[in-house]
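A.B. asks: Residue 13 in the numbering used here is what sits at position 30 of the sequence shown, and the numbering runs on without skipping anything.
All C-beta atoms, glycine included, are put in the ideal place defined by N, C-alpha and C.
Please find one structure pasted underneath; my questions will follow.
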Amino acid sequence: MRLSLEEKRNLQQWLEAEIKHEQREQDKEMIAESATVKPLNVSSTNSAIVESCSYEGRTYQLERRRCGKKACKCVGADLRSSGHGPYWYAYWKESGKLRTQYIGKRAPWQESSS
Ligand SMILES: [Zn+2]
């Protein structure tokens, strides 16, 4: 089958358009993939991060939280003003799993005032 010059040009244009389209789709997938990689500290609806920093290989976050009790004042209120705390929580990875530990009102690097 022989194609005329016109037909070859059309074919070339079509191919180029197809290639560009494919590339765009691939780029989209890559962006979507990187977007699904969640950062270490995702603020949930039950905690509000006041402060965040790292110390001795762990991430420490000062958070206000909801306790989960239905009759508590923290239910339905703005976490940043009515949540419990703020208290420090430590986050670190151990054998691939994210671990959390309650620290308390004072961060480990803060001097005791009493
Ligand atoms: Zn509560």
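1) Between the segment 27 to 35 and the segment 44 to 54, can you find at least three pairs of beta-carbon atoms closer than 8 Å?
2) Cα separation between glycine 59 and leucine 45?
3) What does the shell around ligand 1 hold, if a residue joins when its beta-carbon is under 5 Å from any heavy atom?
4) Tell me whether glutamate 12 counts as near ligand 2, meaning its Cβ is closer than 7 Å to at least one heavy atom of that ligand.
5) Taking the CB atoms as reference points, tell me whether tyrosine 38 and tryptophan 75 lie closer together than 8 Å.
C.D. replies: Quick look at the numbers:
1) Between the segment 44 to 54 and the segment 27 to 35, the count of Cβ pairs shorter than 8 Å is three or higher; the stretches touch.
2) Near 20 Å, if we compare the C-alpha coordinates of leucine 45 and glycine 59.
3) Of all residues, those with a beta-carbon under 5 Å from at least one heavy atom of ligand 1 are Cys50, Cys55, Cys57, reported in chain order.
4) This structure lacks ligand 2; the ligands present are ligand 1.
5) No, they are not a contact pair.
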